[in-house]
Every structure is written in C-alpha cells, then in structure tokens.
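Below: one structure, written as structure tokens.
Protein chains in written order, with our numbering: chain A, 506 to 615; chain B, 1238 to 1349.
What follows is the structure, given as structure tokens:
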C-alpha cells in the first residue's frame, strides 16, 4: 500500500500558468520532502518541511506543510518548460524509513 | 565530487540469473537506501541501512538481499532474477535522521 498519496497523477499546463500538487499521508510525518525527477534521470532534492504550518519558497516554487503534518502542497507560479518532470513527495517515518508518494508528472506546453 | 555512484547503468538478465547492483557514496553519510521505481508506482523502498552494520527491510524486500559492506558501500543482490524485477533501481544516502536523501542516477534492469 502507498503511504503517501499524491494528486493529481499528471498535469498538463500552458506556460505561464500556476499549478498545485498535493501530497497526503495517512500518518503524521517527522519530515516532508519534495523532489523533482527529469525523465530518465535521478531525483533532485527541492525542499524539506519539518514543522507544522511551515512554508518554504525557492525561486517560483513554494511548499507548505499543514499543522497536523499530514498534508503538503507544492505550488509553482508562472510555470516554465524547465519545470517539467516528475514531482515526488517523500516522508520520514520512525526507524529511519523514508517513503515516497506515487509521483505527479508535469508537462508544460510552451 | 561524485556523491552517490551506481553501477552498472544498464543491465539485461535472463530469468534465474543472479547479479549484484553496486552503490557507493563519498559523502560520509550514515544511512543508505535502495528503491525501485515502476510506472505509476512512485519509488518503493526495498531495503535500507540506518548505519554501518545494520540493514532493515522496506516495503518490497522479497527476492532481494543487501550488504552494507562498509560506510561507503551498500549493494543489492538478486539471487534468481524474475521478470517482475524489471525496474529502475535507485540508491540513496543521507547524513542524519532528518536530512534529505541524495540519489544516484539509477540502474535500469530488464529481466527477460
């Protein structure tokens, strides 16, 4: 069973549009991590959220973690073709276990 | 500054053959992980090693074994490959409990 659920599974947007990807856990997380994967390549770390209510931004990407530390969102403002790829959320559970969501495939049309 | 290095990059096996996927990190990180990635399934944890000398099962350990040879190296072995093990395998490492994972570039394995 997948402990982290992401939605939507795939997203196609026009360049310049905003978009949001969601990640939901059935259990409280000790940390929530966002990664990006370009097709056929490894995963690149984007951001880490640890405190309930925390919000972080890097360039045009903003990630938030809810107060209960079970839901996170990743928001991209004014999307560009360089944002295309697969976005995955990862969660840290007890015992050093690190799980990932199912991923969201993002296509940005120029 | 290589980070996490996986070998080989590609491999084709016949059903029943065995092989070992190698992973080495030069970041002096304590924990290492093996994942497999399949379409629509995200990344699934196979095995992990929280520190040198320890290994634990993840979500999908059946058909695999691991060895944490030393702090740098964490290998994944398929004793008798099956077509269901066709996948992209990723190794990752992290330095402390709540630090992010750093990934290798993956090994694409096909079992025919």
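Heads up, the beta-carbon is just placed ideally off N, CA and C, and yes, glycines get one too. Only a predicted model underlies this, so the values are computations on that prediction, with no experimental measurement involved.
Item, Value
"Relative to the alpha-carbon of residue 598/A, which residue among 1319/B, 1271/B and 1335/B has its alpha-carbon at the smallest distance?", "1335/B"
"Which of helix, strand or coil does DSSP assign to residue 555/A?", "coil"
"Quick check: the Cα distance between residue 1263/B and residue 1302/B, rounded to an integer number of angstroms?", "23 Å"
"For residue 532/A versus residue 575/A, is the C-beta spacing smaller than 9 Å?", "yes"
"Run the CB neighbour count on residue 606/A, radius 10 Å, all protein chains shown included, and call it buried at 16 or more, exposed below.", "buried"
"With residue 1336/B as the anchor, note down where its beta strand (DSSP E) starts and where it stops.", "No beta strand (DSSP E) contains residue 1336/B, which DSSP labels as neither H nor E."
"At a Cβ threshold of 9 Å, is residue 1281/B touching chain A?", "yes"
"Which of the residues in the region 512-540 of chain A, read from start to end, lie with their CB under 9 Å from any CB of chain B?", "514, 535, 536, 538 and 540"
"Counting only beta-carbon separations shorter than 9 Å, does residue 1244/B have a partner in chain A?", "no"
"Per DSSP, what kind of secondary structure is residue 580/A in: helix, strand or coil?", "strand"
"DSSP state of residue 588/A, grouped into three classes?", "helix"
"So with Cβ pairs under 9 Å, would you call residue 1324/B a contact of chain A?", "no"
"What does the alpha-carbon distance come out to for the pair residue 552/A and residue 1315/B?", "33 Å"
"Would you grab the beta carbon distance between residue 1319/B and residue 1300/B for me? Rounded to a whole angstrom, and I think it's under 8 Å.", "6 Å"
"For residue 1329/B and residue 1272/B, which I take to be in contact (beta-carbon distance under 8 Å), what is that distance rounded to the nearest angstrom?", "7 Å"
"State buried or exposed for residue 556/A, treating a residue as buried only when at least 16 other CB atoms are found within 10 Å of its CB.", "exposed"
"Leaving out five residues before and five after residue 610/A in sequence, what residues of the same chain have Cβ atoms less than 6 Å from its Cβ?", "515 and 591"
"Is any beta-carbon of chain A found at less than 9 Å from that of residue 1338/B?", "yes"
"So which residues of chain A does residue 1342/B contact, with C-beta pairs closer than 9 Å?", "546 and 547"
"Using CA coordinates, which residue listed in 1251/B, 1245/B and 1306/B is at the minimum distance from residue 1258/B?", "1245/B"
"Excluding the 5 residues flanking residue 506/A on each side, which residues of the same chain have their C-beta closer than 7 Å to its C-beta?", "With a pLDDT of 46 at residue 506/A, under the threshold of 50, the modelled position of this residue cannot be trusted; read the value that follows with caution. Counting only Cβ-Cβ distances below 7 Å, and skipping sequence neighbours, we find nothing."
"If you reduce the DSSP assignment to three classes, tell me which class residue 1268/B lands in.", "strand"
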